[in-house]
Amino acid sequence: MKNQNVLIQPFTPSDLPLFESWLEQPFIYKWFCPSGEADKQDWLDEMADISESEQINQFVIVLNDQKIGFAQCIDISTVPDYVEEVYSDLTGTLVENQAYELSYLIGEESLLGQGLGKMMIQRLVEEVKKRGGRLVLADPGEENTPSVRVLLSNGFVKFKDGDYRKNL
Numbered sequence: 001m002k003n004q005n006v007l008i009q010p011f012t013p014s015d016l017p018l019f020e021s022w023l024e025q026p027f028i029y030k031w032f033c034p035s036g037e038a039d040k041q042d043w044l045d046e047m048a049d050i051s052e053s054e055q056i057n058q059f060v061i062v063l064n065d066q067k068i069g070f071a072q073c074i075d076i077s078t079v080p081d082y083v084e085e086v087y088s089d090l091t092g093t094l095v096e097n098q099a100y101e102l103s104y105l106i107g108e109e110s111l112l113g114q115g116l117g118k119m120m121i122q123r124l125v126e127e128v129k130k131r132g133g134r135l136v137l138a139d140p141g142e143e144n145t146p147s148v149r150v151l152l153s154n155g156f157v158k159f160k161d162g163d164y165r166k167n168l
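Start counting the sequence shown at 1; every next residue gets the next number (our numbering).
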């Protein structure tokens with residue numbers, strides 16, 4: 001996939017049915033909806049309520065004009081309760097636009113294992129840099145080894161189980 005161009009484009013309301021179809025894929029559902037249908041509905045509600053927020057940025061991943069995945073970057077200074085729960089060492093230390101957490105998926109199972117995840121993370125890190133971010137975070141489950149490998153191959157360092165970070 002070295003010659004393929006992976007782009008990120010803003011998520012729009014018209015992308016919601018495609019996002020829902022991706023969430024229903026078993027290989028995605030297990031990571032994005034670990035508590036079942038309530039998690040799925042939370043994602044759908046969040047995505048249906050897209051705003052022009054500077055703190056939460058949602059994207060569609062595009063490969064050769066085909067939408068293949070989803071990603072979001074969240075300015076975690078705006079969610080202090082979440083920071084305390086997941087990144088407790090950062091509690092009370094963050095300023096706006098300093099640290100962003102990534103969530104991401106490739107929605108087409110046939111495209112897994114082809115290097116697209118690595119390119120997608122590279123584009124997302126570039127996006128965080130454009131916003132002035134200095135720290136990028138991700139919290140994959142340790143059993144999600146493909147995601148962990150993609151993060152490590154992009155220069156992220158394991159801080160602790162389920163907590164990977166990259167300083168910019």
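Backbone N, C-alpha and C fix where the C-beta goes; we use that ideal spot for every residue, glycine too.
**Message:** Could you tell me the alpha carbon to alpha carbon distance between W22 and K158, rounded to whole angstroms?
**Reply:** 28 angstroms
**Message:** Here's the rule: buried if 16 or more other CB atoms are within 10 angstroms of the residue's CB, otherwise exposed. What is Y82?
**Reply:** exposed
**Prompt:** What residues in its chain sit with their C-beta under 6 angstroms from that of T119, if we drop five residues either side in the sequence?
**Reply:** Looking at the sequence itself, residue 119 is Met, so the reference to Thr does not match. Cβ within range, chain order: V6.
**Among E101, W43, G113, nearest to R134 - alpha-carbon criterion** = With distances taken between Cα atoms, R134 lies closest to E101.
**Asked** Beta-carbon separation of Y87 and I74 under 8 angstroms?
**Response** no
**Message:** Quick check: what's the CA-CA separation for L137 versus S35?
**Reply:** The alpha-carbon atoms of L137 and S35 are separated by roughly 22 angstroms.
**Prompt:** Going straight from the alpha carbon of S153 to that of F27, what length do you get?
**Reply:** 21 angstroms
**Asked** Going by C-alpha distance, which of P146, D42, Q41 is nearest L105?
**Response** P146
**Prompt:** For A99, does the count of other Cβ atoms within 10 angstroms reach 16, so buried, or fall short, so exposed?
**Reply:** Buried, since its Cβ has 16 or more Cβ neighbours within 10 Å.
**Presumed contact (8 angstroms Cβ cut-off) between L63 and L116, rounded CB distance** = Cβ-Cβ separation between L63 and L116: approximately 7 angstroms, consistent with a contact (criterion under 8 angstroms).
**Asked** Under three-state DSSP, which class holds Q9?
**Response** Residue state, collapsed to three classes: strand.
**Asked** Using DSSP with H/G/I as helix, E/B as strand and the rest coil, what is G69?
**Response** G69 falls in the strand class under three-state DSSP.
**Given L44 as reference, the closest of L151, K67, F156, F11 once Cα atoms are compared** = F11
**Request:** Run the CB neighbour count on N167, radius 10 Å, all protein chains shown included, and call it buried at 16 or more, exposed below.
**Result:** exposed
**Request:** Under 6 angstroms Cβ to Cβ from L151, same chain only, skipping five residues before and after it: list those, please.
**Result:** Here the set comprises A138, Y164.
**Asked** Is DSSP giving Q108 helix, strand or coil here?
**Response** One point to set straight first is that residue 108 is Glu, not Gln, in the sequence displayed. Reduced to three states, the DSSP call for E108 is coil.
**Own chain partners of N97 with C-beta closer than 7 angstroms, once the 5 adjacent residues on each side are dropped** = D75, R131, G132, G133
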